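Enquirer: Right, I'll just put the structure down here and ask away after.
There are 2 protein chains.
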Amino acid sequence: MIDVARRAGVGLGTVSRVVNGGHGVRDETAQRVRAAIDELGFQRNEVARALRPGKKSTSLALVLGDLTNPFYASIAKASLEVAGQSGFAVVLGSVDEDPEGEKRAIQELVSRQVAGLMIVPDQGDHAFLQGAGVPVVFVDRPATGIDADIVMVDNEGGGRIAAEHLLEQGHQRIAIILAPSYYTIGRRLRGFRRAHRAAGIEIDESLVIQLPEGNAEAAEKATREVMLRADPPTAIFSSTNFLTEGVLRALGELGSELEHEPAVVGFDDFRLADMLPTPVTVVASDIAELGRSAARLLLDRASGADTRPPQRIVLPCALIERGSGERPPDSAGKRSTR
Amino acid sequence: MIDVARRAGVGLGTVSRVVNGGHGVRDETAQRVRAAIDELGFQRNEVARALRPGKKSTSLALVLGDLTNPFYASIAKASLEVAGQSGFAVVLGSVDEDPEGEKRAIQELVSRQVAGLMIVPDQGDHAFLQGAGVPVVFVDRPATGIDADIVMVDNEGGGRIAAEHLLEQGHQRIAIILAPSYYTIGRRLRGFRRAHRAAGIEIDESLVIQLPEGNAEAAEKATREVMLRADPPTAIFSSTNFLTEGVLRALGELGSELEHEPAVVGFDDFRLADMLPTPVTVVASDIAELGRSAARLLLDRASGADTRPPQRIVLPCALIERGSGERPPDSAGKRSTR
DNA sequence: TAAGACGTTGGAAACGTTACCGTCCAGGAG
DNA sequence: CTCCTGGACGGTAACGTTTCCAACGTCTTA
Numbered sequence: 001m002i003d004v005a006r007r008a009g010v011g012l013g014t015v016s017r018v019v020n021g022g023h024g025v026r027d028e029t030a031q032r033v034r035a036a037i038d039e040l041g042f043q044r045n046e047v048a049r050a051l052r053p054g055k056k057s058t059s060l061a062l063v064l065g066d067l068t069n070p071f072y073a074s075i076a077k078a079s080l081e082v083a084g085q086s087g088f089a090v091v092l093g094s095v096d097e098d099p100e101g102e103k104r105a106i107q108e109l110v111s112r113q114v115a116g117l118m119i120v121p122d123q124g125d126h127a128f129l130q131g132a133g134v135p136v137v138f139v140d141r142p143a144t145g146i147d148a149d150i151v152m153v154d155n156e157g158g159g160r161i162a163a164e165h166l167l168e169q170g171h172q173r174i175a176i177i178l179a180p181s182y183y184t185i186g187r188r189l190r191g192f193r194r195a196h197r198a199a200g201i202e203i204d205e206s207l208v209i210q211l212p213e214g215n216a217e218a219a220e221k222a223t224r225e226v227m228l229r230a231d232p233p234t235a236i237f238s239s240t241n242f243l244t245e246g247v248l249r250a251l252g253e254l255g256s257e258l259e260h261e262p263a264v265v266g267f268d269d270f271r272l273a274d275m276l277p278t279p280v281t282v283v284a285s286d287i288a289e290l291g292r293s294a295a296r297l298l299l300d301r302a303s304g305a306d307t308r309p310p311q312r313i314v315l316p317c318a319l320i321e322r323g324s325g326e327r328p329p330d331s332a333g334k335r336s337t338r
Numbered sequence: 001m002i003d004v005a006r007r008a009g010v011g012l013g014t015v016s017r018v019v020n021g022g023h024g025v026r027d028e029t030a031q032r033v034r035a036a037i038d039e040l041g042f043q044r045n046e047v048a049r050a051l052r053p054g055k056k057s058t059s060l061a062l063v064l065g066d067l068t069n070p071f072y073a074s075i076a077k078a079s080l081e082v083a084g085q086s087g088f089a090v091v092l093g094s095v096d097e098d099p100e101g102e103k104r105a106i107q108e109l110v111s112r113q114v115a116g117l118m119i120v121p122d123q124g125d126h127a128f129l130q131g132a133g134v135p136v137v138f139v140d141r142p143a144t145g146i147d148a149d150i151v152m153v154d155n156e157g158g159g160r161i162a163a164e165h166l167l168e169q170g171h172q173r174i175a176i177i178l179a180p181s182y183y184t185i186g187r188r189l190r191g192f193r194r195a196h197r198a199a200g201i202e203i204d205e206s207l208v209i210q211l212p213e214g215n216a217e218a219a220e221k222a223t224r225e226v227m228l229r230a231d232p233p234t235a236i237f238s239s240t241n242f243l244t245e246g247v248l249r250a251l252g253e254l255g256s257e258l259e260h261e262p263a264v265v266g267f268d269d270f271r272l273a274d275m276l277p278t279p280v281t282v283v284a285s286d287i288a289e290l291g292r293s294a295a296r297l298l299l300d301r302a303s304g305a306d307t308r309p310p311q312r313i314v315l316p317c318a319l320i321e322r323g324s325g326e327r328p329p330d331s332a333g334k335r336s337t338r
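For the record, the sequence lines run as chains D and V.
Numbered per the UniProt record's numbering, the first sequence finishes at 338, counting up by one with no gaps.
Numbered per the UniProt record's numbering, the second sequence finishes at 338, counting up by one with no gaps.
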């Protein structure tokens, strides 16, 4: 920058003004400065910029679990787009599984002076963020110990819709497969229960299956076990996209061993759901909007444009009927050909 | 940091030394400093740290296309893990589609003083990176105008394996569906051609189908068209995971209209490939290793530990047989039940 | 004509850290 | 006892910006 100033025959302040939009600089001077910038290939150093008193970097942090899960990937992509439009980059914190690793990752990010944090929180207390002086938006689920913005999906509504749909088809014994995550899954279960109560149907608690792990394998194992019981369910609601995969895999392998193939509804849409042997009915929501909203909100907070009390944005869920949820409880058919 | 120094009754230099490992500091002094750090909740400011002469930030940049594509998501996840283990964060540049947007994103990242760049390059010249003074590793495909490290997959070998497999099954009319990407797709096609030449079989050039876009819809349309010809292929090799999806969708919809359902082999594995009505045979490689290798290489370059001339790492491809590639060319069967 | 107002510019301080240099002290060697 | 060595520590410059203040010139107004 000093070189540019010398070359243009002006002071540093003037160069800075030009770089930042050029207000209060005579046109002719600005031209000269811009010429010097081009000739020298000067580029502003964002690091030095962020060092200024009180200033933050023009980066947003995103802390989430497995990017390989399309759910998280969608959030990342969408928030990246929104941030990029405002000239912000997105820093991904490396997230190990343990909650302690998450805390460490977050602090790493804070030490980088990010302008804001978007966090898909693990369980564990996030109170340490309270006084960090950096705006935080939680995504998909709230965190404990801190009152901050949160963007999420209507989990309870989604659980209710799924159950209502199956109940309407006449199912009375519906299993629900639960991943070991606290908040969202709990809400989905609550919606599931409410729908049953509203329909006046008692839930067989042995069909409320809590998995030790949230992956497809655990769901596959649980599904096989429950379907091979003497009194298997006639329908299954799986609370997560990966879980749905496991459920379907188990049903596929069980195949003709089953007298009645159960109806299936999954929470969260997934790619190829419509191309499986029986297309899968799901409760879906606009995941990308989750990421976009979070980024937008965070940018407004970071710029100081938004000083409202912590917001709570809830996106709706909708049922996408594809076939697997439409099987009646007394269907005598084996696996259908399509 | 000044506060810490005062509180511990030492100078700034000492605090700095303690923060950085504590060499050359008496144990007792270090204890006092550490106590002060804890009491004040001091955290090192990475921004100021990166400002030091010649220093770069402890961030790696990752520039890639659509995170929603599991292929890219795997790369991102893997590189994130490796970087995180060395205390590096990963900054994702927002990538619009146009090559100009990519250049802008890269320069944004460079201005943030990242320690290195991992780029999955679009077409377009990357010569402007030559003198940027920051190490670059290209991922999945090389870039023009610059001689840098590159980590990629054996595209030609993969194309060859796929074609060989289909040829061994007796197929003589194999269509290949090509996405409009330059390098990788070209190599896959080359392997495809070599296998044909080695088998002494002439390729019907009207079965070499170049798509205008790389999405599933384009592949679906092209597949429908080619299958409804008077002389349809007996097998299809799709050069990309999204394309494979489109191919399968078209075949599913065509269904019984087809006299012979073609064999299908896809490039790149994808989730649920084994659960489709006919499980899909694919040519797969270790995508995560792609990301890991890139990150490792870049970290070594950034630290100065690796000063070798630009490396070229090529990961092998392997065939995963699942069924769709095993259909003989004269199969009279309609869609199989499983 | 003098005084103020305003637009344009230059200069310097400040941000938080690290690296270098110099000082100080203790202990060992001559 | 003196000198030297080496370890421990303090102080300061430097990194590249932005922002504030002062200075200067021009124009308007009384």
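Even for Gly, the Cβ is constructed at its ideal location relative to N, Cα and C.
Every value quoted in this text rests on a predicted model; they were computed, and no experiment measured them.
Please list the partners that S57/D has in chain V, where partner means a Cβ-to-Cβ separation under 9 Å.
Expert: Chain V residues near S57/D: V47, R112.
Enquirer: Using the rule of at least 16 other Cβ atoms within 10 Å of the residue's Cβ for burial, across every protein chain shown, is K77/V buried or exposed?
Expert: By the neighbour-count rule (16 or more Cβ atoms within 10 Å), K77/V is buried.
Enquirer: Check this for me: beta carbons of V91/V and A89/D, under 8 Å apart or not?
Expert: Yes. Within cutoff.
Enquirer: Under 8 Å Cβ to Cβ from S86/V, same chain only, skipping five residues before and after it: list those, please.
Expert: Excluding positions up to five away in sequence, the list reads L299.
Enquirer: Would you mind listing the beta strand (DSSP E) stretches within the region 72–145 of chain D that are 3+ residues and don't spill past its ends, in chain order?
Expert: Segments of the beta strand (DSSP E) lying fully in the region 72–145 of chain D: 89–92, 116–119, 136–139.
Enquirer: Mind checking if R296/V is an interface residue toward chain D, Cβ cutoff 8 Å exclusive?
Expert: By this cut-off, R296/V is not an interface position.
Enquirer: Is T184/V helix, strand or coil by DSSP?
Expert: DSSP places T184/V in helix when its eight states are reduced to three.
Enquirer: Once DSSP output is grouped into helix, strand and coil, what is the label at G41/V?
Expert: G41/V falls in the coil class under three-state DSSP.
Enquirer: Given that R249/D touches chain V, what residues does it touch there, using C-beta distances under 8 Å?
Expert: Result: M275.
Enquirer: What residues of chain D sit near T244/V, judged by a beta carbon separation below 7 Å?
Expert: Under the 7 Å cutoff, chain D gives no residues; its nearest Cβ is about 10 Å from T244/V.
Enquirer: How long is the line joining the alpha carbons of T278/D and D286/D, rounded to whole angstroms?
Expert: Looking at the two C-alpha atoms, the distance is approximately 23 Å.
Enquirer: Looking at the structure shown, is A332/D part of a helix, part of a strand, or coil, going by DSSP?
Expert: Note that A332/D scores 45 on pLDDT, short of 50, meaning its location in the model is unreliable; the coordinates nonetheless yield the value given after this. Reduced to three states, the DSSP call for A332/D is coil.
Enquirer: Rounding to the nearest angstrom, what Cα-Cα distance links L178/V and A105/V in this structure?
Expert: Approximately 28 Å, taken between the alpha carbons.
Enquirer: Suppose you measure from the CA of G133/V to the CA of V33/D; what does that come to, to the nearest Å?
Expert: Rounded to the nearest angstrom, the two C-alpha atoms are 24 Å apart.
Enquirer: Of all the residues that make up the region 97–111 of chain V, which are near chain D by a beta-carbon distance shorter than 8 Å?
Expert: The residues in question are A105, Q107, E108, L109, V110, S111.
Enquirer: Quick check: the Cα distance between E205/D and T144/D, rounded to an integer number of angstroms?
Expert: Answer to the nearest angstrom: the Cα atoms are 28 Å apart.
Enquirer: Look at the alpha carbon of E225/V and the alpha carbon of D330/V, and state the distance between them as a whole number of angstroms.
Expert: So the two alpha carbons sit approximately 21 Å from each other.
Enquirer: With 7 Å as the limit, tell me which residues of the region 136–153 of chain D have their beta carbon closer than that to any beta carbon of chain V; keep them in chain order.
Expert: Taking 7 Å as the Cβ-Cβ cut-off against chain V, none of the residues of the region 136–153 of chain D qualify.
Enquirer: For E245/D, does the count of other Cβ atoms within 10 angstroms reach 16, so buried, or fall short, so exposed?
Expert: It counts as buried.
Enquirer: So with CB distances below 7 Å, who are the chain V contacts of R44/D?
Expert: Neighbours of R44/D on chain V, chain order: S111.
Enquirer: Report the three-state DSSP secondary structure of E326/D (helix, strand or coil).
Expert: The answer is coil: DSSP assigns E326/D none of H, G, I, E or B.
Enquirer: In or out: P142/D buried (at least 16 other Cβ within 10 Å) or exposed?
Expert: Buried, by the Cβ-count rule.
Enquirer: Would you call the CB atoms of L207/D and I176/D closer than 8 Å?
Expert: It is a contact, given that the beta carbons lie within the stated cut-off.
Enquirer: Can you tell me the Cα-Cα spacing of T280/D and D274/D, whole angstroms?
Expert: The sequence shown places Val at residue 280/D, not Thr. Going by the C-alpha atoms only, they are around 6 Å apart.
Enquirer: Which two residues bound the contiguous alpha helix (DSSP H) that contains S16/D?
Expert: S16/D -> alpha helix (DSSP H) spans 12–19.
Enquirer: Just checking: is the beta-carbon of G333/V within a distance shorter than 8 Å of some beta-carbon in chain D?
Expert: Only weak support is given to the placement of G333/V: the predicted model assigns it a pLDDT of 41, under 50, and the value that follows is read from those uncertain coordinates. Judged by the 8 Å Cβ criterion, G333/V is not in contact with chain D.
Enquirer: Could you check which residue in A30/V, V18/V, F192/V, V139/V has the C-alpha nearest to that of A288/V?
Expert: The shortest C-alpha separation from A288/V is found at V139/V.
Enquirer: Give the straight-line distance between the Cα atoms of A73/V and R173/D, rounded to the nearest whole angstrom.
Expert: A73/V and R173/D: Cα-Cα distance of roughly 38 Å.
Enquirer: In whole angstroms, what separates the C-alpha of M118/V from that of R194/D?
Expert: Whole-angstrom Cα-Cα distance: 49 Å.
Enquirer: Could you tell me how far apart the beta carbons of G65/D and V114/D are, in whole angstroms, since I believe they sit closer than 8 Å?
Expert: The Cβ separation is near 19 Å, so there is no contact.
Enquirer: For D66/D, return the contacting residues in chain V, with the cut-off set at a CB-CB distance below 8 Å.
Expert: Under the 8 Å cutoff, chain V gives K77.
Enquirer: Which runs of the alpha helix (DSSP H) at least 4 residues long sit entirely within the region 283–311 of chain D? Give them in chain order.
Expert: Runs of the alpha helix (DSSP H) inside the region 283–311 of chain D: 287–303.
Enquirer: Can you tell me where the alpha helix (DSSP H) holding A222/V begins and where it ends?
Expert: Residues 216–227.
Enquirer: Between the C-alpha atoms of K334/D and V247/D, what's the straight-line distance to the nearest angstrom?
Expert: Since pLDDT at K334/D reaches only 41, below the 50 mark, its modelled position is unreliable, and no value is offered.
Enquirer: Give the straight-line distance between the Cα atoms of L80/V and G93/D, rounded to the nearest whole angstrom.
Expert: Roughly 8 Å separates the two Cα atoms.
Enquirer: Does chain D have any CB closer than 8 Å to the CB of E262/V?
Expert: With the sequence shown as reference, residue 262/V is identified as Pro, and Glu is not the correct amino acid for it. So, not an interface residue.
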